[in-house]
Amino acid sequence: MRPVLLSLLLLPALAGAAAPKPQDPFVFQGVERIVAVADVHGDVDALKEVLRLAGLIDAKDRWIGGKAHLVQTGDLPDRGDHTRDAFELLMRLETEARKAGGRVHPLLGNHELMNMRGDLRYVTPGEFASFADQSPTPDGPGEPKGLRGHAAAYAADGRYGKWLRSHPAVIRINDTLFLHGGLAPTVPGTTLEEVNRWVWQDLTPGQAPGGGVDPQGPLWFRGYALDDEAKWDAGLTQVLERFGARRMVMGHTPSKDGRLTLRFGGRVIVIDTGLSTHYGRHLAALELRGDRLTAIYPEGRVPLLTTPKAAAPAPRPEAKTGTK
């Protein structure tokens, strides 16, 4: 009986030792190829064209990217009439990419949050009209056509509101953070889960204001894109070290020349080139393959300079073990 009793006593300890560490759902390791595309603003044709340039979809808009990861850094809606088509495209590509061993990551931008929270300043008449079939209630006198359908579609149980609320604002793939605006040094938390919950807080009625509306939050912050680098250099270093990353890739702030912008010695890459027709239709994407970073333009591929690997901050211990 004593050996049996000893075995029973050891079972809980052995089970605890063998249990895998919880995986961080916002960290993806071992990805060979990443393509990042910034603000779309209702121009689904421009989005399709840049995805074809990157070899991710074919002439029929089907996923051919294999195991690649596509990151769309937010601001699919507003300023263009075909937001709904852009939603539908990425919703379908999410499924197709997973089946092929790849992933599609549509991240939250400030315009997604604005629409879900009822801030409709930048919704075009054609954009409103495209959502008309999403509500059985007709629009009232003087209301834009599709206004009530738009509200229903972006609601928590709406077709697009439910889908958007399932996505984060920030992810890390390999050693790179991807988001819409930027992670300011004041961002709370030490994990991406904490940061994303801070953003989602603004999509939950009754909660205190969070990172989705905070001017320094990850959907709005422009310091790394616009300010003098000396102002944020130390803070950027601290943020990258805190989240185990080497660089940060973001949209939100359109470039003046329609090209990808490298700052802070390559530790910040701003990829909002003004892809949509509203901003001049400057098509571009960023490709990451290990240490090779490449800008993809209609006229060809341009290698980008980056910080030497030896100068990169060491990942946090948590990022080295058990994160996928």
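Take the sequence shown: its letters are residues -17 to -1, 1 to 307, numbered as in mature numbering (1 follows the signal peptide of the UniProt record, and there is no 0).
Glycine residues also receive a C-beta, built at the ideal position from the N, C-alpha and C atoms.
All values derive from a computational prediction rather than experimental measurement.
*Report buried or exposed for arginine 169, applying the criterion of at least 16 other Cβ atoms within 10 angstroms of its Cβ.*
For this step, residue 169 is matched to residue 186 along the sequence shown. Checking the displayed sequence, the identity of residue 169 turns out to be threonine instead of arginine. Classification of threonine 169: exposed, given that the 10 Å Cβ count is below 16.
*Short check: CB of phenylalanine 226 to CB of leucine 166, under 9 Å?*
Position 243 of the sequence shown, counting from 1, holds the residue named residue 226. Position 183 of the sequence shown, counting from 1, holds the residue named residue 166. The answer is yes: Cβ separation under 9 Å.
*asked:* Contact defined as beta carbons within less than 8 Å: I believe threonine 256 pairs with alanine 21. What is the distance between those atoms, to the nearest angstrom?
replied: The count along the sequence shown starts at 1 and reaches residue 256 at position 273. The count along the sequence shown starts at 1 and reaches residue 21 at position 38. The pair is a contact, with the Cβ atoms about 7 Å apart (cut-off 8 Å).
*Kindly confirm or deny that the segment 88 to 101 and the segment 143 to 151 touch, where touching means at least three C-beta pairs closer than 8 Å.*
yes
*Measure the C-alpha to C-alpha separation of leucine 287 and alanine 278 and round it to an integer number of angstroms.*
What you label residue 287 is simply residue 304 of the sequence shown in a count that begins at 1. What you label residue 278 is simply residue 295 of the sequence shown in a count that begins at 1. Computed Cα separation, rounded: 7 Å.
*Helix, strand or coil for alanine 1, going by three-state DSSP, please let me know.*
Stepping through the sequence shown from its first residue, residue 1 is reached at position 18. Low confidence applies here, because alanine 1 scores a pLDDT of 45, under 50, leaving its location unreliable and the question unanswered by this model.
*With a cut-off of 8 Å on the beta carbons, I'd call valine 33 and isoleucine 156 a contact; round off their distance for me.*
Your numbering for residue 33 matches position 50 in the sequence shown. Your numbering for residue 156 matches position 173 in the sequence shown. Not quite, the Cβ-Cβ distance comes to about 19 Å (not below 8 Å), so this is no contact.
*Distance CB(residue 319)-CB(alanine 83) smaller than 9 Å*: As displayed, the chain neither begins before -17 nor continues past 307, which places residue 319 out of reach and without an answer.
*asked:* From the DSSP secondary-structure annotation, give me the bridge partner or partners of glycine 273.
replied: Taking the sequence shown and counting its residues from 1, the one referred to as residue 273 is at position 290. Beta-bridge pairing links glycine 273 to no other residue.
*Going straight from the alpha carbon of leucine 271 to that of aspartate 158, what length do you get?*
Here residue 271 is taken as the residue at index 288 of the sequence shown, counted from 1. Here residue 158 is taken as the residue at index 175 of the sequence shown, counted from 1. If I take the Cα positions, the gap works out to 10 Å.
_Between phenylalanine 204 and glycine 144, how many whole angstroms is the CB-CB distance? I'm expecting something under 8 Å._
In the sequence shown, residue 204 corresponds to position 221, counting from 1. In the sequence shown, residue 144 corresponds to position 161, counting from 1. Actually they do not touch by this definition, with Cβ atoms about 24 Å apart.
_If I measure Cβ to Cβ from leucine -13 and keep anything under 6 Å in the same chain, skipping five residues before and after, which residues do I get?_
As a first step, residue -13 is located in the sequence shown; it is residue number 5 there, counting from the start. Any reading at leucine -13 must be qualified, since the residue scores a pLDDT of 44, below 50, and its modelled position is unreliable; no value is offered.
_Same chain, Cβ closer than 7 Å to threonine 236, five either side skipped, listed in chain order_ = The residue given as residue 236 occupies position 253 in the sequence shown. So the qualifying residues of the chain are Arg205, Ala208, Leu209, Val253, Asp255.
_Mapping the DSSP letters down to three states, classify threonine 173 as helix, strand or coil._
Taking the sequence shown and counting its residues from 1, one reaches residue 173 at position 190. Here threonine 173 sits in coil by DSSP.
*Would proline 201 be called buried (16 or more neighbouring beta carbons within 10 Å of its own) or exposed?*
Stepping through the sequence shown from its first residue, residue 201 is reached at position 218. So proline 201 counts as buried.
*Quick one: what's got a C-beta closer than 7 Å to threonine 120's C-beta in the same chain, skipping five residues either side?*
As a first step, residue 120 must be located in the sequence shown, where it is residue number 137. Taken in chain order, the residues that qualify are Arg131.
*asked:* So, with DSSP's three-state summary, where would you put histidine 65?
replied: As a working mapping, residue 65 is identified with position 82 in the sequence shown. Note: histidine 65 maps to coil in three-state DSSP.
*Quick one, are the C-beta atoms of leucine 59 and valine 23 less than 9 Å apart?*
As a working mapping, residue 59 is identified with position 76 in the sequence shown. As a working mapping, residue 23 is identified with position 40 in the sequence shown. The answer is yes: Cβ separation under 9 Å.
_Applying the 10 Å Cβ sphere with the 16-neighbour rule, what's the burial state of aspartate 240?_
Taking the first residue of the sequence shown as position 1, residue 240 is located at position 257. Exposed, by the Cβ-count rule.
*What's the call for glutamine 12, buried or exposed, on a 16-neighbour Cβ count within 10 Å?*
Within the sequence shown, numbered from 1, the residue matching residue 12 stands at position 29. By the 10 Å Cβ count, glutamine 12 comes out exposed.
*Under the DSSP definition of a beta bridge, which residues are partnered with phenylalanine 161?*
Numbered from 1 along the sequence shown, position 178 holds the residue referred to as residue 161. Beta-bridge pairing links phenylalanine 161 to Ile154, Val232.
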